[in-house]
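In our numbering, each number is its position in the sequence shown, counted from 1, plus 3. Contents: one structure, followed by commentary.
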Amino acid sequence: MRVYKTADYAAMSRQAANIITSLVVLKPACVLGLATGSTPVGTYEQLIAWNQEGYLSFSQVTTVNLDEYLGLPGTHDQSYRYFMDHNLFDHVDIDKARTNVPNGMAGDVAQECRRYDKLVESLGGADLQLLGMGHDGHIAFNEPCDHFPVGTHLVELDPMTIQANARFFDNDPAKVPTKALTMGIGTILSAKRLLMVVSGGDKAEILARALLGPVTPAVPASALQLHRDVTVVADEAALGVYLQQGGQVC
Ligand code: F6R
4 MRVYKTADYA AMSRQAANII TSLVVLKPAC VLGLATGSTP VGTYEQLIAW NQEGYLSFSQ
64 VTTVNLDEYL GLPGTHDQSY RYFMDHNLFD HVDIDKARTN VPNGMAGDVA QECRRYDKLV
124 ESLGGADLQL LGMGHDGHIA FNEPCDHFPV GTHLVELDPM TIQANARFFD NDPAKVPTKA
184 LTMGIGTILS AKRLLMVVSG GDKAEILARA LLGPVTPAVP ASALQLHRDV TVVADEAALG
244 VYLQQGGQVC
């Protein structure tokens, strides 16, 4: 595992965008696993800028997103499809037909989960999966629990996650969907490379537990320790506890 320390959020975003760009330049027809949430927004902004300046092209890239709220159509401004369109896809030269997000409106949820797993498998898995991490250590919507879910599945969102995401729903937790479709930890670990971005002192404690603590489904991000090619790009604030506990950075 490589852990890069950056001065702040802007530098974290630029570093993550550099890593993604290097992959897209070397393998233009790559499969990128993408995430939503606040943390990758700066990374997407940097990728948009470089795309518009002509440094990289997404014209042959295929994407697979981690998760989607159940019951929100792609036109809803808080759906993850809408987030991806507005924060990345609409601003770069990507073929939208090659962008994939689980269908939160699927009538048969179990079938949609199977379809999504087969899709990821048929693409040969992601060449690189971008991840953020929640305050409880969740990755995608894999909340702390007693096992590591393998494939795409339906989850009940943790109250802490609902509270954290209420900021996108008029600060009203009652408006946050209570269920979501998410890739499992097994699907995430099937990516060839993992890139996790983390920012802010409020995640310092959980980041240290994820990177240095025991591998446990109680801290879903600790599963990253099992993968052979993981890069974490985090700002100084997020790495505070990790560094205090003797964690190494590049
Ligand atoms: C969303 C996702 C989530 C977020 C996590 C952190 O696709 O995968 O696991 O990465 O909730 O969200 P932020 O970045 O908003 O703190």
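C-beta atoms are modelled at their ideal positions from N, C-alpha and C, and glycine is treated no differently. Here the structure is a predicted model, which is why all the values come from computation and not from measurement.
- Assignment of LYS178 by DSSP, reduced to helix, strand and coil, places it in the helix class.
- Leaving aside the five residues that flank VAL34 on each side, the residues in its chain whose CB is nearer than 6 Å to its CB run, in chain order, THR65, LEU126, ALA129 and ASP130.
- Taking C-beta atoms as the reference points, VAL218 and LEU210 fail to come closer than 9 Å.
- Beta-bridge partners of ALA183 (DSSP): TYR72 and VAL158.
- Of all alpha-carbon atoms in THR181, ARG118, PHE61 and GLY203, the one lying nearest the alpha-carbon of SER41 is that of GLY203.
- In this structure, the beta-carbon distance from LYS8 to VAL252 falls below 9 Å.
- Scanning THR78, ILE188 and ALA224 for the CA closest to the CA of HIS141 turns up ALA224.
- When beta bridges are read from the DSSP output, ASP173 appears opposite no residue.
- If you look at LEU246, you'll find it isn't in any beta strand (DSSP E); it sits in the alpha helix (DSSP H) that goes 243-247.
- Beta-bridge annotation (DSSP): ILE142 is paired with ASN145.
- Annotation: the continuous alpha helix (DSSP H) that includes ARG17 extends over 12-29.
- Ranked by how close their Cα comes to the Cα of VAL235, the residues ASP149, LEU160, LEU134 and ILE191 have LEU134 in first place.
- Nearest to GLN166 by C-alpha distance, out of LEU227, SER62, ALA177 and SER16, is ALA177.
- Taken in chain order, the complete beta strand (DSSP E) segments of 3 residues or longer contained in the region 31-105 are 34-37, 65-68 and 70-72.
- Here DSSP, grouped into helix, strand and coil, assigns THR219 to coil.
- DSSP lists ALA237 as the beta-bridge partner residues of LYS8.
- Per DSSP, the beta bridge partners of LEU197 are GLN132 and VAL233.
- Non-local beta-carbon contacts of GLU208 in its own chain, meaning distances under 6 Å to residues more than five positions away in sequence, involve VAL244 in chain order.
- In the DSSP assignment, LEU192 falls within the alpha helix (DSSP H) that extends over 188-192.
- Contact annotation: the region 151-159 touches the region 116-125, with at least three C-beta pairs closer than 8 Å.
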